[in-house]
Every structure is written in C-alpha cells, then in structure tokens.
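In full-length UniProt numbering, the protein residues as written are 1 to 378.
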C-alpha cells in the first residue's frame, strides 16, 4: 500500500474524521510481535510489573505504584479490555519469577477469558495484586480471588483506579502531594465529574504521547503539566476541536425506550462530543468510532451505560462505558462501516437501549403515564 494512503497529515479533515488512524491497518500479528519484544525488554529485569490500561487512569495508578516502589525497577506493560489476556501472558512469560505484579484499570467480562493466562501468572510471579473500579460480576471477582490474586475493586461512582491504588497501598500520607493530587484530578476525568480543567489536560496528554513519556511527566509534575506539555496540547487541540465539531454536526437525536439518545460517528474526543449532545437535550450519547468501537456516555438522567455495553461486547460504568460489537468479519464490513458512518454499529447499540430490562423507576413512570392517559380520556 502506498505510504500516502495512510498518511493522516495529508488527508482533508472531513476524510480524516471518517477513517481510523494508521495503527488500525497494522496486522495483529505484527502488532503482537512488536508488543512481545517491548515487553521482553522492559520486564526481563523488573522487580515490579504493572499491566495497565493505557489511559489516564491506568497510567495514574501506575504512577502511584511507581512512587511507592521508587527504589525498585518498575516495568509498565499496557493492555486494553480487549487484549487483557495478552498483558497477563506477557507479564508471566517475560517477567522474573519473583516479580511483584499489579493489574490496573482492567476488568474481564468473564473469568474464562483470562483464566489460563492469570493462573500462569500467579504460578510464575511472586505475588499479584489487581486494582480496579469497573463493574465486576460476583462470579469473575470470586474466581480471580480464588486464583490467588489480591483483588481490590473500588466504587465506580466514587473512585478511579488511581484512588484505589492509593488506598490499597495505604500510600496517601506517604507519597508526594503532587502524586496524591494526580489521583484526584484523574478521578475528575474518569468519573466525568468535570470540575477541574486540568483533568482534560491529563486525558488528552495520555492519549497523544507515549505511555512512558506520560509517566515521566506526571511523576515529576503531577496534574500541573509543564509549559512544554501545555504548548503541545494547544497545538493538538486545534485539530481536536475541528474533529469534535464534525462529529457534533453529524449527530442525530433518537427516542429509545424512554431515553433521549444522541448518536454520532467519527474520529473524535468522545467526552466532549457527549457533553455537546447532552447540552442539546440527550440523556445518553453514543459515539461510534471508525475503528469499530463505540463510547456510551450517560448523565444524571441515565446511569445504565454499562448495561447497554454488556449486550454488545463491552462494559464500563453507569455513566461511561465502551464496546466493540462483534459484527466485523472482514474488510468489506469495515468498508461498509466507514461509508455508512457506522450505521450497523449504531443500530445494534440502540437495540441495546431498547432491550434494557425495566427497573422499578421505569415501571412507575409507565404506570404514571397510563394513569395520565386514562384521566385525559375521562
């Protein structure tokens, strides 16, 4: 394939907003071989290994752990909810036998997806601790603990994983103030509290720079990023704002099962797009990405995002969840996805809203509507 076809710098903004980034087109075996090599180099002599999500919360928890074990060599192996088992496998295969392993900001949909790799890791490592704040099933949590893991799951309405790490390691009073503050500002973004403007800086910076660079910067500066980082963010945000605008322009509002849902498509920052849709009256927002995944965001009026995501190969929190429906069998499916702006993905996620079981609140609302209708007929 010609290099210019994948060069995002030469694409018009409209086309760029409709297509996935260069990394999408790298074959899995090439990506996995590269990840294996990097893991081998990082973990071989490490005293502490952290398998973490590469977002601001996963990296924030890693920063806390790295500070607690400041005198030891700490290796970071990033993973995602969709390849958690690979991160566990790499820690077991490439880490020393007596390493202290942490798993952060990751949650298996079912234990069977990670059973083999986790048991291998527990047998190999010195000990394994797991910090998270997602919605765990009782069965998965029990199985992970029975495997020999010290699992600590925080309240997803109150804590981010960086908070959980601070609490579980009893480090809040021992670490530098800027690291403790880093956890608080990370929580502001990850729980979508949106009260501290620095949380957007952390989220964007973690997305746009290498994980190791992010760790180096926040361990030194905490949530108050240095001038060079702020200048970098300012440059990148010009394009970010333009991509947000494109996604908002494409949005439509649907009434589904009593919920006002804003739905859109594009390569963009999902939280900002969701906020725009919420200001337009949406209770929930669905942002479908060119790579096939989607973000589901809620509000005070809709706190069942994780229930929708659970139906379409995903999970998360009541007000913030993610998924990637299992509907892509070949490149023709992806081509259809790009040219229809995620039509099939939008539909299966909206079906997830339609299929939500009724709650006591929804039943009471339905009864109230029926009574109102009867009174109006009289």
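Where a beta carbon is used, it is the ideal one built from N, C-alpha and C, also for glycine.
For residue 27 and residue 112, the rounded distance between their alpha carbons: For the purposes of this step, residue 112 is taken as residue 112 along the chain shown, with counting starting at 1. For the purposes of this step, residue 27 is taken as residue 27 along the chain shown, with counting starting at 1. The alpha-carbon atoms of residue 112 and residue 27 are separated by roughly 26 Å.
Closest by C-alpha distance to residue 192, when choosing among 239, 220, 56, 107: Taking the first residue of the chain shown as position 1, residue 192 is located at position 192. It is 56.
Segment contact flag, the region 54 to 69 with the region 310 to 330, C-beta cutoff 8 Å, min 3 pairs: no
Supposed close pair residue 260, residue 247 - CB separation, criterion 8 Å: Here residue 260 refers to the residue found at position 260 when the chain shown is read from its first residue. Here residue 247 refers to the residue found at position 247 when the chain shown is read from its first residue. The Cβ separation is near 18 Å, so there is no contact.
For residue 16, the first and last residue of its enclosing beta strand (DSSP E): As a position in the chain shown, residue 16 is number 16, starting the count at 1. Taken as a continuous stretch (DSSP letters only), residue 16 belongs to no beta strand (DSSP E), being part of the alpha helix (DSSP H) at 13 to 18.
Close beta carbons around residue 120, own chain, < 6 Å, minus the five adjacent residues each side: Taking the first residue of the chain shown as position 1, residue 120 is located at position 120. Excluding residues within five positions, the ones whose Cβ falls inside 6 Å are 92.
Neighbour-count burial assignment, residue 244, 16 or more Cβ in a 10 Å radius: As a working note, residue 244 is residue 244 in the chain shown. Residue 244 should be labelled buried.
Simplified DSSP state of residue 111, which is helix, strand or coil: Residue mapping note: residue 111 aligns to position 111 of the chain shown, counting from 1. Reduced to three states, the DSSP call for residue 111 is helix.
C-alpha gap between residue 347 and residue 287, whole angstroms: Here residue 347 is taken as the residue at index 347 of the chain shown, counted from 1. Here residue 287 is taken as the residue at index 287 of the chain shown, counted from 1. If you take the alpha carbons of residue 347 and residue 287, they lie about 12 Å apart.
Selection from 309, 340, 336 that minimises the alpha carbon distance to residue 355: Along the chain shown, one-based indexing puts residue 355 at 355. If we check each option's Cα against that of residue 355, 309 comes out closest.
Span separating the alpha-carbon of residue 203 from that of residue 274: Position 203 of the chain shown, counting from 1, holds the residue named residue 203. Position 274 of the chain shown, counting from 1, holds the residue named residue 274. Distance between the alpha carbons of residue 203 and residue 274: 15 Å.
Residues bridged to residue 79 [DSSP beta-bridge criterion]: Indexing the chain shown from 1 puts residue 79 at position 79. Answer is 53, bridged to residue 79.
According to DSSP, residues forming a beta bridge with residue 100: One-based indexing of the chain shown puts residue 100 at position 100. DSSP lists 48, 127 as partners of residue 100.
Residue 40 (DSSP reduced to helix, strand or coil): The residue given as residue 40 occupies position 40 in the chain shown. In the structure shown, residue 40 sits in a helix (DSSP, three-state: H, G or I).
Helix, strand or coil at residue 177 [DSSP, three-state]: The residue labelled residue 177 in the question sits at position 177 within the chain shown. Helix, per DSSP.
Cβ contact (3+ pairs, closer than 8 Å) linking the region 149 to 158 and the region 169 to 181: no
Residue 345 beta carbon less than 8 Å from that of residue 336: As a first step, residue 336 is located in the chain shown; it is residue number 336 there, counting from the start. As a first step, residue 345 is located in the chain shown; it is residue number 345 there, counting from the start. No, the pair does not count as a contact, with Cβ atoms beyond the cut-off.
Per-residue DSSP class, three states only, for residue 254: Numbered from its first residue, the chain shown carries residue 254 at position 254. Correct three-state label for residue 254: strand.
CB contact flag (residue 379, residue 161, <8 Å): Nothing about residue 379 can be reported from this structure: the residues present for the chain run from 1 to 378 only.
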